[in-house]
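A.B. asks: Count along the sequence shown starting at 1, add 191, and that's the number in my numbering.
Ideal Cβ positions, reconstructed from N, Cα and C, are used throughout, including at glycine.
Quantities reported herein were computed from a predicted structural model and do not represent experimental measurements.
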Amino acid sequence: MASDSMAKKGFYLVFVAALLLSIGGLCIKMIPWQPLSINSFRSIIALAILIPFAKITRVPFRLTPGVLAGAGAVWGATTLYTVATKLTTAGNAVLLQFTAPMFVILFMWLVFRERPRRLDIVACLCIFGGVVCFFLDSLGSGRFVGDVIAVLSGICYAWVFMMQRLPGGSPLWSTILGQALGAVVGLPSLVQETQFDGTSLLFGALLGVFQLGLAYAFLTTGLKYAKPITASLVTGIEPVLNPILVALVVGETLSPLALVGGAVVFLSVMIYNLLCLRLEQREKAAPTSTK
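#1: Contact between the stretch 304 to 318 and the stretch 368 to 380 is defined here as three or more beta-carbon pairs at a separation below 8 angstroms; is this criterion met?
#2: Using the Cα positions of Y463 and I219, report the straight-line distance between them to the nearest angstrom.
#3: What do you reckon, are the CB atoms on L445 and L327 nearer than 8 angstroms?
#4: Using 8 angstroms as the threshold, is the stretch 241 to 257 in touch with the stretch 336 to 346, meaning 3 or more CB pairs across them?
#5: Mind checking whether P292 and V460 have CB atoms under 8 angstroms apart?
#6: Enumerated in chain order, which unbroken segments of the alpha helix (DSSP H) with a length of 4 residues or greater are wholly contained in the stretch 274 to 348?
#7: So the candidates are G337, T255, I229; which of them puts its Cα closest to the Cα of A281?
#8: For I296, which option in I240, L238, G404, W350 has the closest C-alpha, if you only look at C-alpha atoms?
#9: Does the distance from the C-beta atom of I229 to that of T273 stay below 8 angstroms?
#10: State the DSSP-derived secondary structure class of I214, mapped to helix, strand or coil.
#11: Is the beta carbon of F289 closer than 8 angstroms to that of P430?
#12: With DSSP collapsed to three states, give me the class of P430.
#13: Suppose the cutoff is 8 angstroms on Cβ atoms and the five residues either side in sequence are ignored; what does the same chain contact list for G216 look like?
#14: Restricting to runs no shorter than 4 residues, where is the alpha helix (DSSP H) found entirely within the stretch 347 to 413?
#15: Against chain D, does R469 count as a neighbour if the rule is that its beta carbon must be under 8 angstroms from one of theirs?
#16: Look at A396 and I236 and say whether their C-beta atoms are less than 8 angstroms apart.
#17: Using the three-state DSSP reduction, which class does E443 fall into: helix, strand or coil?
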């Protein structure tokens with residue numbers, strides 16, 4: 192029962208994080224800065240939340256290879272996503288980043304020697320099919336580079352969900368170091384920006400406080416209790432809300448082929464999640480039924 196309650200706690204924490212992450216596309220589109228400038232500004236604000244959070248929760252700091260690897264994953268996921276959102280549509284960026292569960296399955300097999308089930312392989316093939324739709328749509332449209340970068344952000348994002356599994360890993364401190372790296376790398380670009388109007392500062396603050404600071408506080412705590420693949424799948428609310436918010440405010444929409452690809456990716460991940468939960472319930476019920 193205790194493990195079930197902890198799993199539920201992890202689920203809800205990751206779910207709240209996904210809700211907060213979903214404002215990313217809209218906020219980034221509303222700020223007329225270079226991607227590295229946006230990432231640096233929001234990372235500086237996020238650090239003002241995450242460092243005190245680490246002190247309050249008494250998470251010890253140890254500089255290990257796992258923490259450094261996790262920091263690289265966080266920096267890559269947040270930076271590449273910001274760049275992709277500027278170069279392609281917000282919907283493309285978030286849905287292609289949502290390929291992360293496919294890479295979680297792959298890396299859990301190659302690195303942690305957890306062999307994929309037939310269901311895992313089928314899910315990966317379906318997600319890959321959806322990704323192909325995006326790239327067919329972006330050929331000749333000027334969005335191809337942005338779509339490629341979005342997939343790279345998905346690869347990094349996959350490692351974010353596996354930070355707890357890395358040797359000596361600490362999701363919270365990896366996130367703090369990753370945000371510090373983002374702040375430093377983008378600072379030269381940020382100081383060259385000239386348009387520091389109220390709109391830019393407001394949406395930059397929203398990114399730093401909610402989309403990075405509080406979201407990663409919830410996410411890193413939830414990763415202590417949720418399995419990597421479960422956590423990556425729970426974030427499925429983000430690619431739904433993200434493009435909806437952008438469409439309502441900015442008017443940016445997905446093309447028909449991109450919609451097909453997005454539907455394939457999203458439904459594949461969600462159906463996979465439901466089937467995995469059903470299999471886990473059967474496995475838990477199996478011993479009791481044989482008594």
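C.D. replies: On the basis of the data shown:
#1: No, because fewer than three Cβ pairs between the stretch 304 to 318 and the stretch 368 to 380 fall closer than 8 angstroms, the two stretches do not touch.
#2: Y463 and I219 have their C-alpha atoms some 30 angstroms from each other.
#3: For L445 and L327, no; Cβs fall outside 8 angstroms.
#4: Verdict: no, contact absent.
#5: Here P292 is near V460, since their CB atoms are less than 8 angstroms apart.
#6: With a minimum length of 4 residues, the continuous alpha helix (DSSP H) runs that stay inside the stretch 274 to 348 are 281 to 288, 291 to 301, 309 to 329.
#7: Considering only alpha carbons, the answer is G337.
#8: Among I240, L238, G404, W350, the Cα nearest to that of I296 is on W350.
#9: Closer than 8 angstroms, so yes.
#10: In the three-state scheme derived from DSSP, where H, G and I count as helix and E and B as strand, I214 is classed as coil.
#11: Their beta carbons are under 8 angstroms apart, which means P430 touches F289 by this criterion.
#12: Three-state result, P430: helix.
#13: Taken in chain order, the residues that qualify are T276, A281, G282, A284, V285, N433, P434, L436, V437.
#14: The qualifying runs are 362 to 381, 389 to 397, 406 to 413.
#15: Note that chain D does not occur in the displayed structure, where there is just one protein chain.
#16: Result yes, Cβ atoms of A396 and I236 sit closer than 8 angstroms.
#17: Three-state result, E443: coil.
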